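One structure below.
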Amino acid sequence: MFFAACVSLSLVVPLLALVPVPIWTQPEQVHLSYPGEPGSMVVTWTTFSKAESKVEYGLLGGRLFEMTVGGKYTLFVDSGEEKRKMFIHRVTLTDLKPAAVYVYHCGSDDGWSDVFSFTALNDSTSFSPRFALYGDLGNENPQSLARLQKETQLGMYDVILHIGDFAYDMHEDNARIGDEFMRQIQSIAAYVPYMTSPGNHESTYWNLGSAHIVSISTEVYFYLEFGLELLFKQYEWLKKDLEEANKPENRAARPWIITMGHRPMYCSDDDQDDCTKFDSYVRLGRNDTKPPAPGLEDLFYRHGVDLELWAHEHTYERLWPVYGDKVYNGSKEQPYQNPKAPVHIITGSAGCREKTDLFNPNPRDWSAFRSTDYGYTRMQVVNTSHIYLEQVSDDQYGNVIDSIWVVKEKHGSSAWS
Ligand SMILES: [Fe+2]
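The following block contains the structure:
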């Protein structure tokens, strides 16, 4: 027995010694996010072996890397069968000068990333932030990706809003699909904050220019196995956040309230999705739960939400101002000038392996413009009264196929009457 153990050990040990185990302290999947505090930016990246978390940075034109700030890493163990381990590093930069350009790299003395740069967000309420927004961008067939990468590097955007559905799917192949997707978007996300609609657990908000932007999870209406309490917790959180944003001094400083969530309340796609139904869960809530779960349309309407951004449908659709399934245009000639209900945009056609969806041939009267081209939306919150939105078609080599100005002299629920 002892002999047998010795023989097998002596066979195994040299074999193990021959298999090199890669050391993965090289940073990858670098991305920025804005934590909502003026003058701050969070840098996040991944290593597959343990390493320190540092960012070295400095003002463009100044001495390179003259400042260093440390952060933390957390060990993430993927739930796939390989139980792959990765270290997620997060470093928060603070006291950044508004609108100044910073050059940075991240990592540690065991490996540094490439050099990237970003413009610190301007914390003034007169800042007119420019956004690219879209949902449903995947690792495979990411039609809009190259255009977005180039436009980001040309400095066309201050912030990216990715309204849910990433990678297709983050967890697949033991999360290697997610890793590859994060490498694909690094050439966007290492230069501008890449903000997302969160998954199942939390809602978040941030203020930029004259807008208060609220990101929510619509998934709590569908995955009840994660707990109905999540739905109610989010609803209560949202209500409080919207009440706070509606305090006169807050609404005066940031009169635009914009929501982003993955699954729309309305859409006219030719599938059986929630938004195709009159009694959409997201819009009206659920009666089949105990207690019944409230929907979002009334909550948003009562708190004077101006603009609602959605994705999930792999198409682009702009709606007329709508509430309770009825159109409330500002006027016949100027529907989006002082609209009498929130404006909805659905932009889920950035490109993924599921291709684009088809439309129902008979849209309802709230449907104003539809396109099945791959593409994404640009938005600029110009000032307290004007927002500009346009739709880029990737199929048409970047042509703008739709645009609107939303103009409001008055915000809040009193603007509806
Ligand atoms: Fe989706």
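Under mature numbering (1 follows the signal peptide of the UniProt record, and there is no 0), the letters of the sequence shown match residues -17 to -1, 1 to 400, in that order.
Quick reminder that beta carbons are idealized off the backbone N, C-alpha and C, glycines included.
As the structure is a prediction and not an experimental result, all values here were calculated from the model.
Contact between the stretch 122 to 141 and the stretch 50 to 69 is not established, with fewer than three Cβ pairs separated by less than 8 Å. Bridge partners of isoleucine 329 according to DSSP: Trp293 and Glu300. The continuous alpha helix (DSSP H) containing phenylalanine 215 extends over residues 211 to 228. For arginine 269, the closest alpha carbon among the candidates Glu300, Leu214 and Val310 is that of Leu214. Taking non-hydrogen atoms of ligand 1 into account, the C-beta of aspartate 252 is found less than 7 Å away from none of them.
Here the distance from the Cβ of histidine 245 to the nearest heavy atom of ligand 1 is below 7 Å. Residues Tyr204 and Asp257 of the same chain have their beta carbon placed closer than 6 Å to that of tyrosine 264, with the five preceding and five following residues left out of the count. In the structure shown, the three-state DSSP call for cysteine 89 is strand. The closest heavy atom of ligand 1 lies less than 7 Å from the beta carbon of histidine 295. Residue environment for leucine 267: buried (at least 16 other C-beta atoms within 10 angstroms of its C-beta). Separation of the CB atoms of asparagine 157 and glycine 63 is rounded to 4 Å, and the pair is thereby assigned contact status at 8 Å. Comparing alpha carbon positions, the residue from Ser350, Glu291, His394 and Gly287 closest to leucine 372 is Glu291. Per DSSP, the beta bridge partners of aspartate 385 are Gln374. Between ligand 1 and the CB of glycine 45, the shortest heavy atom gap is not smaller than 7 Å. The three-state reading of DSSP puts methionine 248 in coil, since its state is none of H, G, I, E or B.
Straight-line measurement puts the Cα of threonine 201 at about 17 Å from the Cα of phenylalanine 261.
A straight line joining the alpha-carbon of glutamine 126 with that of glycine 334 spans about 5 Å.
Bounds of the alpha helix (DSSP H) holding lysine 133 are 128 to 136. Between ligand 1 and the CB of aspartate 119, the shortest heavy atom gap is smaller than 7 Å. Within the model, the alpha-carbon separation for histidine 369 versus serine 91 is close to 44 Å.
Here glutamine 9 carries a coil assignment [DSSP, helix/strand/coil]. Nearest C-alpha to serine 396 among Gly210, His286, Ile387 and Phe101: His286. With a minimum length of 3 residues, the unbroken runs of beta strand (DSSP E) contained wholly in the stretch 160 to 201 fall at 177 to 179, 187 to 191 and 194 to 198.
In this structure, the beta-carbon distance from serine 332 to histidine 295 does not fall below 8 Å. In terms of Cβ geometry, tyrosine 177 and isoleucine 143 form a close pair [threshold 8 Å]. Separation of valine 305 and cysteine 250 (C-alpha to C-alpha, rounded to the nearest whole angstrom) is 12 Å. For the 8 Å CB-CB criterion, tryptophan 7 and histidine 72 do not form a contact.
Taking C-beta atoms under 8 Å as the contact rule, aspartate 377 and serine 354 fail to qualify, at a distance of about 11 Å.
Annotation for arginine 353: no alpha helix (DSSP H) segment contains it, though the beta strand (DSSP E) segment containing it runs 350 to 354. In this chain, the beta strand (DSSP E) harbouring alanine 115 covers 113 to 117. Judged by the Cβ position, aspartate 148 qualifies as a neighbour of ligand 1 at the 7 Å threshold, a heavy atom of the ligand being closer than this. Between the stretch 311 to 321 and the stretch 231 to 247, the count of C-beta pairs closer than 8 Å stays below three; the two stretches do not touch.
Here DSSP, grouped into helix, strand and coil, assigns alanine 150 to strand. Contact between the stretch 6 to 21 and the stretch 38 to 51 is absent: fewer than three C-beta pairs spanning the two stretches fall below 8 Å. According to DSSP, residue pairing for proline 277 in a beta bridge involves Gly268.
Annotation for arginine 234: no beta strand (DSSP E) segment contains it, though the alpha helix (DSSP H) segment containing it runs 231 to 236.
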